[in-house]
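Undergrad:
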Amino acid sequence: MNLSETILNRKSVRAFLPDPVSRSVISEIVELARWSPSWGNTQPWEIIVADGEKTRRLGEAFVTEGMKKTAPRPDIPMPFEFSGVYRDRYMNLGRNLLNSMGIEREDKEARLKHYLNMYTFFGAPTVIYLAVDGELNVPYSCLDIGSIGVTICYAAMGYGLGTIFLAASVHFPDIAREILDIPHNKKLVIGIALGYPDKSRPAATFRSDRAPGDNICRFA
Ligand SMILES: Cc1cc2nc3c(=O)[nH]c(=O)nc-3n(C[C@H](O)[C@H](O)[C@H](O)COP(=O)(O)O)c2cc1C
């Protein structure tokens with residue numbers, strides 16, 4: 099696959115096989131991703147990998163919160179409502195994704211199940227958490243986290259792995275901190291679920307759309 103094909107082939111995977119990802123493969127992915135650009139080469143990222151029993155415990159604790167409909171309490175403020183074109187795109191994604199999975203809008207039970215599935219990382223055996231030190235200018239450092247996060251996603255493809263950035267994985271950072279033994283001053287920005295896609299399921303093959311290039315870019 100050349101670079102353009104790789105870019106076009108990446109997509110968020112929402113159905114994983116339970117097969118574990120070996121730690122040596124994860125180390126190789128991190129080894130590649132650490133070459134991502136960052137502001138002033140500060141490399142503010144801290145990477146915490148949850149796998150095996152840790153992933154299971156995280157999922158269990160998050161689902162407990164999800165069932166109670168506990169409001170998320172992320173370290174980094176995140177938008178939960180959108181308006182205008184952003185709302186349209188957000189709603190469009192939800193509609194198309196659920197359609198592809200054969201879930202009717204009115205089927206509240208299936209929608210709840212999908213929502214709770216997010217909290218078990220759609221079955222991924224590994225979650226790569228990206229944190230920054232609270233001493234840093236956290237909002238700006240999030241750019242660097244995005245930078246390494248995307249590289250992780252592309253690097254993972256080279257090993258036949260699928261990924262998805264999951265805001266849901268950082269809805270309850272206090273829980274993740276406790277299970278993964280992360281100090282309080284480390285702010286959890288995002289978790290990336292990682293695993294082998296279960297290609298037999300539409301949630302693994304679903305493709306989102308995009309606004310046309312001339313809607314988002316102009317030559318000044
Ligand atoms: C910062 C960030 C957080 C995300 N959080 C979630 C999430 O919690 N649940 C989910 O299903 N998808 C999540 N996604 C995946 C997006 O929905 C997805 O990237 C978008 O729809 C574009 O689709 P694609 O990645 O398949 O190209 C997140 C993506 C990003 C970049």
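Quick note: the sequence shown uses this note's numbering, first residue 99, plus one each step.
The C-beta atom is built at its ideal place from N, Cα and C for all residues, glycine as well.
Since we're looking at a predicted model, the values are computed, not measured.
1. So does the region 174-192 actually touch the region 120-129, counting three or more Cβ pairs closer than 8 Å?
2. What is the DSSP secondary structure of Tyr227, reduced to helix, strand or coil?
3. Phe178: beta carbon under 6 Å from a heavy atom of ligand 1?
4. Can you find the residues in the same chain that come closer than 8 Å, C-beta to C-beta, to Phe220, ignoring five residues on each side of it along the sequence?
5. From Tyr257 to Gly289, what does the alpha carbon distance come to, in whole angstroms?
6. Measuring CB atoms only, is the region 199-212 touching the region 263-277, in the sense that at least three cross pairs come out at less than 8 Å?
7. My understanding is that Ala131 touches Ala253, with C-beta atoms under 8 Å, so please give their C-beta distance in whole angstroms.
8. At the level of alpha carbons, what is the spacing between Asn215 and Gly164?
9. Got a sec, what are the start and stop residues for the beta strand (DSSP E) Ile201 sits in?
10. Would you tell me roughly how many angstroms separate the C-alpha atoms of Asp272 and Glu144, rounded to the nearest one?
11. Measuring only the C-alpha atoms, how far is Tyr227 from Thr153?
12. Beta-carbon within less than 8 Å of Gly157's beta-carbon, same chain only, minus the 5 sequence neighbours each way: which residues are those?
13. Roughly how many angstroms separate the alpha carbons of Pro237 and Trp133, rounded to a whole number?
14. Let me check one thing: in DSSP terms, what residues is Asp149 bridge-paired to?
15. Mapping the DSSP letters down to three states, classify Gly218 as helix, strand or coil.
16. Just the Cα atoms here: how many angstroms apart are Val287 and Asn197?
17. Alpha carbons only, please: which of Glu151, Glu129 and Leu210 is nearest the one belonging to Lys166?
18. At the level of alpha carbons, what is the spacing between Ser125 and Arg299?
19. Quick one: does the C-beta of Ser134 sit closer than 6 Å to a heavy atom of ligand 2?
20. Quick check: what's the CA-CA separation for Phe317 versus Pro310?
21. Please name the residue, chosen from Phe270, Ile105 and Gln141, that lies closest to Leu241 on a Cα-to-Cα basis.
22. Take Pro172 as the anchor and find which of Lys285, Cys251 and Ile127 has the nearest alpha-carbon.
TA: On the basis of the data shown:
1. no
2. strand
3. no
4. Around Phe220: Val111, Arg112, Ala113, Phe114, Ile262, Ala291 and Ala301.
5. 19 Å
6. no
7. Correct: roughly 5 Å between the Cβ atoms.
8. 10 Å
9. No beta strand (DSSP E) contains Ile201, which DSSP labels as neither H nor E.
10. Taking the straight line joining both Cα atoms gives about 17 Å.
11. 11 Å
12. Within the same chain, and ignoring the five residues on either side of Gly157 in sequence, the residues whose Cβ sits closer than 8 Å to its Cβ are Tyr217, Thr218 and Phe219.
13. 21 Å
14. Per DSSP, the beta bridge partners of Asp149 are Thr224.
15. Residue identity differs from the one stated: residue 218 is Thr in this sequence, not Gly. Residue state, collapsed to three classes: coil.
16. Rounded to the nearest angstrom, the two C-alpha atoms are 30 Å apart.
17. Leu210
18. 28 Å
19. The model on display carries ligand 1 but not ligand 2.
20. Put simply, the backbone Cα of Phe317 is about 15 Å away from that of Pro310.
21. Gln141
22. Nearest C-alpha to Pro172: Lys285.
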